[in-house]
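Protein chains in written order, with UniProt numbering: chain C, 1 to 329; chain G, 1 to 329.
Okay, so here's the structure we're looking at.
2 protein chains.
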Amino acid sequence: MTTINDIAELAGVSRTTVSRALNNSGYVSEEARDRIMKIVDETGYMPSQSAKSLRTKRSGVIGVILPRLSTETSTRVVNGINETLAKEGFQILLTDTELDKKKEIEYIRLLKSRHVDGIILLATNVNDELIDTIHHTGIPFLAIGQDLPGVTSLVYEDYHAASDLTNMLIHKGHEKVAFIGVDPADPSVGQQREQAYRDMMTRKNLTIREEWVDEGDFSIESGYESMKRILKNSRDDKPTAVFAVTDRMAIGAMEYLKEQGYAIPADMAVVGIGASNMSKYISPSLTTVDYYNKDAGRKAAKMLLRQIKKENSDEKFDLTYRLIIRDSV
Amino acid sequence: MTTINDIAELAGVSRTTVSRALNNSGYVSEEARDRIMKIVDETGYMPSQSAKSLRTKRSGVIGVILPRLSTETSTRVVNGINETLAKEGFQILLTDTELDKKKEIEYIRLLKSRHVDGIILLATNVNDELIDTIHHTGIPFLAIGQDLPGVTSLVYEDYHAASDLTNMLIHKGHEKVAFIGVDPADPSVGQQREQAYRDMMTRKNLTIREEWVDEGDFSIESGYESMKRILKNSRDDKPTAVFAVTDRMAIGAMEYLKEQGYAIPADMAVVGIGASNMSKYISPSLTTVDYYNKDAGRKAAKMLLRQIKKENSDEKFDLTYRLIIRDSV
DNA sequence: CTGAAAGCGCTTACAG
DNA sequence: CTGAAAGCGCTTACAG
Numbered sequence: 001m002t003t004i005n006d007i008a009e010l011a012g013v014s015r016t017t018v019s020r021a022l023n024n025s026g027y028v029s030e031e032a033r034d035r036i037m038k039i040v041d042e043t044g045y046m047p048s049q050s051a052k053s054l055r056t057k058r059s060g061v062i063g064v065i066l067p068r069l070s071t072e073t074s075t076r077v078v079n080g081i082n083e084t085l086a087k088e089g090f091q092i093l094l095t096d097t098e099l100d101k102k103k104e105i106e107y108i109r110l111l112k113s114r115h116v117d118g119i120i121l122l123a124t125n126v127n128d129e130l131i132d133t134i135h136h137t138g139i140p141f142l143a144i145g146q147d148l149p150g151v152t153s154l155v156y157e158d159y160h161a162a163s164d165l166t167n168m169l170i171h172k173g174h175e176k177v178a179f180i181g182v183d184p185a186d187p188s189v190g191q192q193r194e195q196a197y198r199d200m201m202t203r204k205n206l207t208i209r210e211e212w213v214d215e216g217d218f219s220i221e222s223g224y225e226s227m228k229r230i231l232k233n234s235r236d237d238k239p240t241a242v243f244a245v246t247d248r249m250a251i252g253a254m255e256y257l258k259e260q261g262y263a264i265p266a267d268m269a270v271v272g273i274g275a276s277n278m279s280k281y282i283s284p285s286l287t288t289v290d291y292y293n294k295d296a297g298r299k300a301a302k303m304l305l306r307q308i309k310k311e312n313s314d315e316k317f318d319l320t321y322r323l324i325i326r327d328s329v
Numbered sequence: 001m002t003t004i005n006d007i008a009e010l011a012g013v014s015r016t017t018v019s020r021a022l023n024n025s026g027y028v029s030e031e032a033r034d035r036i037m038k039i040v041d042e043t044g045y046m047p048s049q050s051a052k053s054l055r056t057k058r059s060g061v062i063g064v065i066l067p068r069l070s071t072e073t074s075t076r077v078v079n080g081i082n083e084t085l086a087k088e089g090f091q092i093l094l095t096d097t098e099l100d101k102k103k104e105i106e107y108i109r110l111l112k113s114r115h116v117d118g119i120i121l122l123a124t125n126v127n128d129e130l131i132d133t134i135h136h137t138g139i140p141f142l143a144i145g146q147d148l149p150g151v152t153s154l155v156y157e158d159y160h161a162a163s164d165l166t167n168m169l170i171h172k173g174h175e176k177v178a179f180i181g182v183d184p185a186d187p188s189v190g191q192q193r194e195q196a197y198r199d200m201m202t203r204k205n206l207t208i209r210e211e212w213v214d215e216g217d218f219s220i221e222s223g224y225e226s227m228k229r230i231l232k233n234s235r236d237d238k239p240t241a242v243f244a245v246t247d248r249m250a251i252g253a254m255e256y257l258k259e260q261g262y263a264i265p266a267d268m269a270v271v272g273i274g275a276s277n278m279s280k281y282i283s284p285s286l287t288t289v290d291y292y293n294k295d296a297g298r299k300a301a302k303m304l305l306r307q308i309k310k311e312n313s314d315e316k317f318d319l320t321y322r323l324i325i326r327d328s329v
């Protein structure tokens, strides 16, 4: 490995000068700079980031903590994060908790030990230990997807989006709307979306039979099973529409309905959330909500960058969304 | 930040001893170790990875270079890589070239300056500058998806898979098989798959009309457009089957066919490669090839780890695949 | 405009 | 079993 000392020697200057030339800090004579840059080019020298980071306490690396690496949502968000970060010369250090809460905390500490300049967490739950850990790290931090008290958070408009979806179904004439949710340990997806559904139904004086409400685990298969249970348990009083809180579960529900000979949307309307790639190409195409995940990632990166640069910035930020009405309703 | 010196002081030993206790290297008395570990726990001390890496020349980080962050294939591979790497205490530093060849080279050098212990490249092309750069980095390196001369490479069986797919179509009675390929700058996808198609057709004495052969750019839309052109240009002598080299393009082709009122597979059979999530849920479900991308990622990580540990390992490795026959043929 | 020196937080021979 | 010392490759006051 060629080091700054090698460059200094070859250029006949001190390493102090080389450092200044490389970082455009302080005065360096034109000719010294030229000589140095020429040698840098020739040798392909790249400064050791470890040494730099040890010295400056900055690394040019942002840690990203994901719940799952292989979901469309995560991928899109990371894509947006990476896009804006790369432009500023930052790289992403990626970690995947596999939905394990312990790992969230473990990774925050790990990333800190790696001197990352900031951390972005795609949050799926809220708990005291997590909040505590974040507060104690003392490095720029941003959460996406959940509102973490005292932490800069970018949140989707879950309540509004779910309200819109429910209302749309009701306006289309559906009075019996089923619901496939997820574990309430996830406040945004598990609580907000369900609350919105219940509130809208109640507001329109529609009764919710508890047999119409089921819970999945985000997977396509779980949507399939939930739909099956709902239909079985509500034999005498079946719903005419089903609202699944994610596209994948909605697609699973559609699979079961199709298998059972239901016409969609004639016999049963189906809606999801997420604007997954598949939602567009499945038939009938799925009505869903686009959360603009990539934009969320971009926004997250920008807000984190502001924190890093100590510019002030909002602590909370609501993301926007868009209803996509398609053939499944 | 608490450092090793703080721990040493609190434990009443030298930092040398703390280091030994932490790394289980050399002798440390039981009682010293206990005292140290207790303090480490209490303080939540984590050693600075920058300092460690500067000193040891190892970072515990593997660089991964992707052509695109938001494709299912990349995601699955990264997932497999991460899974096996995380178990060994390694993290992933992620970079995305956005299909820019210059960036591939730039990122290799960047990752080196960050002292990554190894690099995995999801390769989409082969060129001399790239090969040169890799040879000069001198750090463990592994390529997936293309056979890079002199570089440890994990390659998919593109030729065999495409042959199987073409033969299957021919055995089903198709004599007029169209083909949607990609830019030959990608040897594996652009050349091997097309060569296999042409060879199999020729071997069965079937003629290929050049109007049946078109090129897309991996996107769904391009598959749609290619299908449109093929149908338009071969007006008098239309194919009865189409082989698209990726699922996304196959799905685009299906979209166009459906729009035009073609029954699939009765009027036109369609096959793709990739076993995308969508291939299963689109209707009719798509016949495709599963490349076991996640396993490829796992295998890649394992082979790279062997290189890092200086255990010997094959330079070339062929991945396996599986035909998934579904309703589109 | 330039350089000598200190120091970031670790690990690793070396000596005891 | 333990510690003092050197050194990894940088940057940054400080002095000139």
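Cβ coordinates follow ideal geometry from the N, Cα and C atoms, glycine included.
Every value quoted in this text rests on a predicted model; they were computed, and no experiment measured them.
Residue pairing by DSSP puts V242 of chain C in a beta bridge opposite C:A178 and C:V270. A residue is called buried when at least 16 other Cβ atoms come within 10 angstroms of its Cβ; A161 of chain C meets this threshold and is buried. Taking all protein chains in view, the Cβ of I180 of chain C is crowded by 16 or more other Cβ atoms within 10 Å, so the residue is classified as buried. Taking 4 residues as the minimum length, the alpha helix (DSSP H) runs contained wholly in the stretch 288–323 of chain C are 293–308, in order along the chain. For the 9 Å CB-CB criterion, L305 of chain G and G118 of chain G form a contact.
In the same chain as P140 of chain G, and ignoring 5 residues on each side of it, the C-beta atoms closer than 6 Å to its own belong to G118, L304, Q307 and I308, in chain order. If one requires a minimum length of 3 residues, the beta strand (DSSP E) runs lying completely within the stretch 179–254 of chain G are 213–216 and 241–244, in chain order.
The criterion of a C-beta distance shorter than 9 Å is not satisfied by G297 of chain C and E255 of chain C. Going by C-alpha positions, E194 of chain G is about 54 Å away from E9 of chain C. Annotated as distal: I120 of chain C and G60 of chain C, with beta-carbon spacing of 9 Å or more. Cβ atoms of D237 of chain C and R209 of chain C come within 8 Å of each other, at about 6 Å. A Cβ of chain C is located within less than 9 Å of the beta carbon of H136 of chain G. Interface flag for A51 of chain C against chain G is set, since a Cβ pair is found closer than 9 Å. Between the stretch 267–284 of chain G and the stretch 242–255 of chain G, the count of Cβ pairs shorter than 8 Å is three or higher; the stretches touch. One finds L69 in chain C with Cβ atoms closer than 7 Å to the Cβ of V78 of chain G, taken in chain order. No Cβ of chain G is located within less than 9 Å of the beta carbon of R298 of chain C. L93 of chain C places its beta carbon 9 Å or farther from that of L54 of chain G. Classified as buried, Y321 of chain G has 16 or more neighbouring CB atoms from the shown chains inside 10 Å of its CB. Taking 9 Å as the cut-off, the beta carbon of L169 of chain C is found closer than this to the beta carbon of A269 of chain C.
The continuous stretches of alpha helix (DSSP H) do not include L69 of chain C, and DSSP gives it neither H nor E. Against chain G, the CB of Q91 of chain C has a partner CB under 9 Å away; the residue lies at that interface. Under DSSP, V155 of chain C takes part in a beta bridge, and its partners are C:D318.
By the C-beta criterion, the stretch 29–41 of chain G is judged not to be in contact with the stretch 22–33 of chain C, since fewer than 3 inter-stretch pairs fall below 8 Å.
T75 of chain G reaches chain C at L69, S70 and T75, counting residues in chain order whose Cβ is nearer than 8 Å. If you draw a straight line from the Cα of D158 of chain C to the Cα of T16 of chain C, it comes to about 54 Å. Against chain G, a Cβ distance below 8 Å from M46 of chain C picks out R109, L110, K112 and S113. Listed as beta-bridge partners of L110 of chain G by DSSP are no residues whatsoever.
Going by beta carbons, V182 of chain G and E215 of chain G fall inside the 9 Å limit. The three-state secondary structure of D41 of chain C, taken from DSSP, is helix. With respect to A301 of chain C, L85 of chain C sits close: the two C-beta atoms are nearer than 9 Å.
Residues of the same chain with a CB within less than 6 Å of the CB of H115 of chain G, apart from the 5 flanking positions on each side, are S53 and S59 in chain order. When DSSP reads this structure, G118 of chain G sits in a beta bridge with G:I62.
Contact of T202 of chain G with chain C by beta-carbon distance below 9 Å is absent, the smallest such distance being about 34 Å. Listed in chain order, the non-local C-beta contacts of D314 of chain C below 8 Å within the same chain comprise T152 and M303, local neighbours out to five positions each way being set aside.
Taken through DSSP and simplified to helix, strand or coil, L142 of chain G comes out as strand. Identification of chain C residues near L54 of chain G by a Cβ-Cβ cut-off of 8 Å yields S48, S50, A51 and L54, ordered along the chain.
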